[in-house]
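Asker:
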Amino acid sequence: MLNAGSTAWVLVSAALVMLMTPGLAFFYGGMVRSKSVLNMLMMNFMCLAIVSVLWCLYGFSLAFGNDLGGGLLGGFEYVGLGGLPTDPIGTDPDKIPILAFAMFQLMFAIITPALISGAVPERTKFWSWGIFVVLWSTIVYFPVAHWVFAFDGTTAETGGWIANTLGALDFAGGTAVHINAGAAGLALAIVLGKRRGWPRDPGRPHSLPFVLLGASLLWFGWYGFNAGSALGANQNAAIAFTTTTLATAAAVIGWLVVEQLRDGKPTTLGAASGAVAGLVAITPACAFVNPIGGLAIGVIAGAVCALCVSLKFRLGFDDSLDVVAVHLVGGLIGTILIGFFGTTSLNEASADGLFYGGGFGQLGIQVVAALAVLVYSFVVTAIIALVIKVTIGFRVSDEDESTGIDESQHAESSYDYSGLRSSGGHSSILDAATSKVPASAGQEG
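Under the UniProt record's numbering, residues 1 to 445 are what the sequence shown spells out, in order.
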């Protein structure tokens, strides 16, 4: 029997997760230079359009249709969102319509490629990015979503191998979303190459208020992401809501303490980045750990991710907005730490980790799941990016990159400086203001 309250919660959660993509656009948009901010916003916004169409045509079917064999890919019975079961899905007493579940999962499919865009801003052709989103969603995200999210007997008789055969725990997408996107961001940054002048000129964020606004929208929407993954207004939703709050708060403190010790000052960008790192890390674990476990995962993620932002300078890849340090590292931390902090005290579907007498078994399972998604996403993303690069090209010209790609890709500019520049006195004020924008915590060498 359909549960109206749980259906309402899942639909509201889907709307919250949808809001995360515009929130991500503001978060990323504030970190790029003003001459490229519109392109950054559009790279995120277009994921809403492209992935929604793909999801209807075949994406939901490939992710949640009956397994074709080996737990690797769903079938084609739900193409065009047709042939869906008329009976509610899920477990009593939280049964919901399958379309509510499909729309909730769509929002995950949308934000995952959007996350990748932060690795390659200010140098990417817009329509090449659009083609990449089509190919990557089809070849990488939809299969991985089947591996992780398609449980036997939910939307089809048989589902994916990570969820059912391996038995890895991932409540809301640490593997399918964050490790997947982080590994893809690393591959894409390597294939596209560095921005002109990087690392000598790492680029400065043009609007820290944008960054904090975006992080706040992400935090708000993440309650739908994590608590909504309970697929009902129930105990698991309450656990996920609680640990999401605590982990995010702890991660902000962890990141800022590292900045204080390393750089001598805590930054606004550091606070925003720490919040996102905590949200990423708690995502797979949110209903599988207790509040103390949530705090521990958050502070570990905030500190470790803050330390990892310098890896791109040491290793020489231009991950412009720290997708690797925040999403790949944060996703790995959260997924693997379930093997330490997982407990069945609040949720019997969890497993007792090492700190709760569970031994190393679940820890090993978590590591296998994380590495499988990381390797698959990195390798296939690199192949897709190379194909686009050698065929239609992936980067804008040096001239367009130097002057800013908003004009060349969209024939628009984010801010109208013509009035200021027409006045000599105002021009000097503008130049002084733009030269004093503080450096990104994630962009410091």
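We put the CB at the ideal spot given by N, CA and C, even for glycine. Source: prediction; values computed, not measured.
Should the region 312-328 be called in touch with the region 167-175, which here means at least 3 C-beta pairs below 8 Å?
Answerer: The way I'd put it, the region 312-328 doesn't touch the region 167-175; fewer than three beta-carbon pairs between them come closer than 8 Å.
Asker: In terms of residue numbering, what span does the alpha helix (DSSP H) encompassing Met1 cover?
Answerer: As a first step, residue 1 is located in the sequence shown; it is residue number 1 there, counting from the start. No alpha helix (DSSP H) holds Met1; DSSP gives it neither H nor E.
Asker: To the nearest angstrom, report how far apart Gln260 and Pro266 are at their CA atoms.
Answerer: Looking up residue 260 in the sequence shown gives position 260. Looking up residue 266 in the sequence shown gives position 266. Approximately 5 Å, taken between the alpha carbons.
Asker: My output table needs one value for Thr267: the three-state DSSP class, helix, strand or coil.
Answerer: Within the sequence shown, the letter at position 267 stands for residue 267. Looking at Thr267 - three-state DSSP - the assignment turns out to be coil, as it is neither helix nor strand.
Asker: Unbroken beta strand (DSSP E) runs of length 3 or more, entirely within the region 345-412: which are they?
Answerer: If only complete runs of 3 or more residues are kept, the region 345-412 shows no beta strand (DSSP E) anywhere.
Asker: Could you give the C-beta distance for Lys125 and Gly393, rounded to a whole number, given that I count them as a contact under 8 Å?
Answerer: What you label residue 125 is simply residue 125 of the sequence shown in a count that begins at 1. What you label residue 393 is simply residue 393 of the sequence shown in a count that begins at 1. With a Cβ gap of about 6 Å, Lys125 and Gly393 count as contacting.
Asker: Gly74 and Asn66: beta carbons closer than 8 Å?
Answerer: Here residue 74 refers to the residue found at position 74 when the sequence shown is read from its first residue. Here residue 66 refers to the residue found at position 66 when the sequence shown is read from its first residue. Cβ distance < 8 Å, so Gly74 and Asn66 count as in contact.
Asker: Out of Glu399, Ala176, Lys95 and Gly5, which one is the CA nearest neighbour of Phe142?
Answerer: If you number the sequence shown from 1, residue 142 lands on position 142. Minimum Cα distance to Phe142 is reached at Ala176.
Asker: Please list the segments of the alpha helix (DSSP H) lying wholly inside the region 256-313, counting only runs of 4 or more residues, in order along the chain.
Answerer: 268-282 and 291-308
Asker: For Ile96 and Asn3, which I take to be in contact (beta-carbon distance under 8 Å), what is that distance rounded to the nearest angstrom?
Answerer: Taking the sequence shown and counting its residues from 1, one reaches residue 96 at position 96. Taking the sequence shown and counting its residues from 1, one reaches residue 3 at position 3. Yes, Ile96 and Asn3 are in contact; Cβ-Cβ is about 7 Å, under 8 Å.
Asker: Can you find at least 3 beta carbon pairs, one from the region 102-115 and one from the region 48-56, that sit closer than 8 Å?
Answerer: yes
Asker: Under the assumption that Arg314 contacts Arg204 (Cβ atoms under 8 Å), give the Cβ distance between them as a whole number of angstroms.
Answerer: Looking up residue 314 in the sequence shown gives position 314. Looking up residue 204 in the sequence shown gives position 204. So it is not a contact: roughly 21 Å between Cβ atoms.
Asker: Note down the Cα distance separating Asn180 from Thr245, rounded to an integer number of angstroms.
Answerer: Position 180 of the sequence shown holds residue 180. Position 245 of the sequence shown holds residue 245. So the alpha carbons of these two residues sit roughly 23 Å apart.
Asker: So what does Lys95 bridge to, in DSSP terms?
Answerer: Position 95 of the sequence shown, counted from the first residue, corresponds to residue 95. The partner list for Lys95 (beta bridge, DSSP) reads Leu2.
Asker: Tell me which residue opens and which closes the alpha helix (DSSP H) that Tyr141 is part of.
Answerer: Residue numbering aside, residue 141 sits at position 141 when the sequence shown is read from its first letter. No alpha helix (DSSP H) holds Tyr141; DSSP gives it neither H nor E.
Asker: Determine the direct distance from the alpha carbon of Pro209 to that of Trp136, and round the result to whole angstroms.
Answerer: Within the sequence shown, residue 136 is the residue found at index 136, counting from 1. Within the sequence shown, residue 209 is the residue found at index 209, counting from 1. Approximately 31 Å, taken between the alpha carbons.
Asker: Do the region 276-285 and the region 248-260 touch if we need at least three Cβ pairs shorter than 8 Å?
Answerer: yes
Asker: If the criterion is Cβ atoms closer than 8 Å, does the pair Val289 and Gly342 meet it?
Answerer: For the purposes of this step, residue 289 is taken as residue 289 along the sequence shown, with counting starting at 1. For the purposes of this step, residue 342 is taken as residue 342 along the sequence shown, with counting starting at 1. Yes; because the gap between Cβ atoms is below 8 Å, this pair is in contact.
Asker: What does DSSP give as the partner residue(s) for Thr124 in the beta ladder?
Answerer: Start at 1 with the first residue of the sequence shown, and residue 124 comes out as number 124. Answer is Arg395.
Asker: Checking the sheet assignment: what are the DSSP bridge partners for Gly74?
Answerer: Along the sequence shown, read from residue 1 onward, the residue named residue 74 stands at position 74. The partner list for Gly74 (beta bridge, DSSP) reads Asp67.
Asker: For a minimum of 4 consecutive residues, which ranges assigned as the alpha helix (DSSP H) are wholly contained in the region 313-347?
Answerer: 329-341
Asker: Of all the options Ala114, Gln235, Phe101 and Val379, which has the alpha carbon lying nearest to the alpha carbon of Val191?
Answerer: Residue numbering aside, residue 191 sits at position 191 when the sequence shown is read from its first letter. Checked all of Ala114, Gln235, Phe101 and Val379; the closest Cα to Val191 is Val379.
Asker: Where do the N-terminal and C-terminal ends of the alpha helix (DSSP H) with Phe210 fall, by residue?
Answerer: Your numbering for residue 210 matches position 210 in the sequence shown. Leu208 to Asn226 is the extent of the alpha helix (DSSP H) around Phe210.
Asker: When the Cβ atoms of the region 117-134 are set against those of the region 75-86, are three or more pairs found closer than 8 Å?
Answerer: no
Asker: Provide the residue(s) that pair with Ile89 in DSSP beta bridges, ordered along the chain.
Answerer: To locate residue 89, count along the sequence shown from 1; it is residue 89. The partner list for Ile89 (beta bridge, DSSP) reads Ile96.
Asker: Quick one: grab the DSSP three-state call for Leu84.
Answerer: Along the sequence shown, read from residue 1 onward, the residue named residue 84 stands at position 84. Three-state DSSP puts Leu84 in coil, outside helix and strand.
Asker: Run the CB neighbour count on Ile333, radius 10 Å, all protein chains shown included, and call it buried at 16 or more, exposed below.
Answerer: Mapped onto the sequence shown, residue 333 falls at position 333. Classification of Ile333: buried, given that the 10 Å Cβ count is 16 or more.
Asker: Evaluate Asp398 with the Cβ neighbour count: other Cβ atoms within 10 Å of its Cβ, from every protein chain shown; 16 or more gives buried, anything less gives exposed.
Answerer: If you number the sequence shown from 1, residue 398 lands on position 398. Around the beta-carbon of Asp398, fewer than 16 other beta-carbon atoms lie within 10 Å, marking it exposed.
Asker: With C-beta atoms as the reference, is Gly29 less than 8 Å away from Met40?
Answerer: If you number the sequence shown from 1, residue 29 lands on position 29. If you number the sequence shown from 1, residue 40 lands on position 40. Yes.
Asker: Between Pro93, Phe76, Val375 and Ile98, which has its C-alpha nearest Thr86's C-alpha?
Answerer: Stepping through the sequence shown from its first residue, residue 86 is reached at position 86. For Thr86, the nearest C-alpha among the options comes from Ile98.
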